[in-house]
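For the sequence shown, my numbering assigns the number 276 to the initial residue and increments by one for each residue that follows.
Think of the CB as a built atom: it goes at the ideal place given N, C-alpha and C, for glycine as much as any other residue.
Predicted model, so just to flag it, every value in this text is computed and none were measured.
Input: a single structure, listed below in structure tokens.
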Amino acid sequence: TLKAYTAETCEAAPSISPQPSNVPSPSPFATGDFDQSGQVNEVDAELLISNWLLSTCTTFSCDTNQDSKNNSLDFAWVVKEWGN
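Right under this line is the structure:
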């Protein structure tokens, strides 16, 4: 809360400066987070496996390296980022 200061109080008015926020900034989704849930988990692995060697991944993009295949190179991202 801000205090009102008048000439009678003989105190200087406080300077107003922005306060740092405790709310973290949103970070981009992990590469292996195909469903963009915020966590790389079994759902992401299942999405990739169910679309194995296809060029698309149903609703989500599972092709992390843009080689037009869902393969072991994409699965490596799931393994690397598991639990993040």
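Burial is judged here by how many other beta carbons sit within 10 angstroms of a residue's own beta carbon; Asn-345 has at least 16 and is buried.
For Trp-327, the closest alpha carbon among the candidates Ser-347, Asn-359, Ala-351, Val-354 is that of Ser-347. In this structure, Ala-320 keeps its C-beta atom at 8 Å or more from the C-beta atom of Asn-359. Secondary structure at Phe-309: coil, using DSSP grouped into helix, strand and coil.
Around the beta carbon of Asp-349, a 10 Å sphere encloses 16 or more other beta carbons of the protein chains shown; the residue is thus reported as buried. Rounded to the nearest whole angstrom, the C-alpha separation of Val-315 and Leu-322 is 11 Å. Across the structure, Glu-356 and Ser-336 are spaced so that their CA atoms are roughly 16 Å apart.
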